[in-house]
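Numbering (our numbering), first residue to last: 15 to 159.
Just so it is clear, CB atoms sit at the ideal spot from N, CA and C, and this is done for glycine as well.
Since the structure is predicted, the reported quantities are computational estimates derived from the model, not experimental observations.
This is the structure we're talking about:
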């Protein structure tokens, strides 16, 4: 009698398990080469070296953005004065304006803010389009200086 009960219980257990695990999806392709296969089994959805660490240095801070705006306003004033002169002309005023611009972009505080507003050679997150362009332009001016 006990043997008969265990033989009846085994198919019942298999039926219950098959109902629980019938939602496996196959995506096609060959699972051995990393494309397709069963979802969750590796392949295209797995990463050989997952990197999910936080990067707080990749986000702009309000104080750095404020400093950037101050530098922008200083440079805008000098560059607007520089635009009043013809491009081919060379005078003491033009040389003075260009040297003032060079001094501003190479100041240690400006360099520090610029380094904070760049991550891996690109502007950090949290900047609007104009600020991103200013960071790129400022880096180009620093590289010229």
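- Message: Assuming the contact rule is C-beta atoms closer than 8 Å, residue 78 and residue 127 should be a hit. Round their C-beta distance to whole Å, please.
- Response: 5 Å
- With respect to the alpha helix (DSSP H) encompassing residue 105, which residues constitute its N-terminal and C-terminal limits? That residue, residue 105, is in no alpha helix (DSSP H); it is neither H nor E in DSSP.
- Item | Sub-8 Å separation of residue 144 and residue 137 beta-carbons | no
- Given 8 Å, three or more beta-carbon pairs between the stretch 99 to 108 and the stretch 150 to 158: no
- Message: Less than 8 Å between the beta carbons of residue 140 and residue 73, yes or no?
- Response: yes
- Query: If residue 132 and residue 153 are in contact, beta carbons under 8 Å, what's the gap, nearest whole angstrom?
  - Reply: Confirmed, Cβ separation roughly 7 Å.
- Should residue 114 and residue 92 be called a contact, given that it needs their Cβ atoms to be closer than 8 Å? yes
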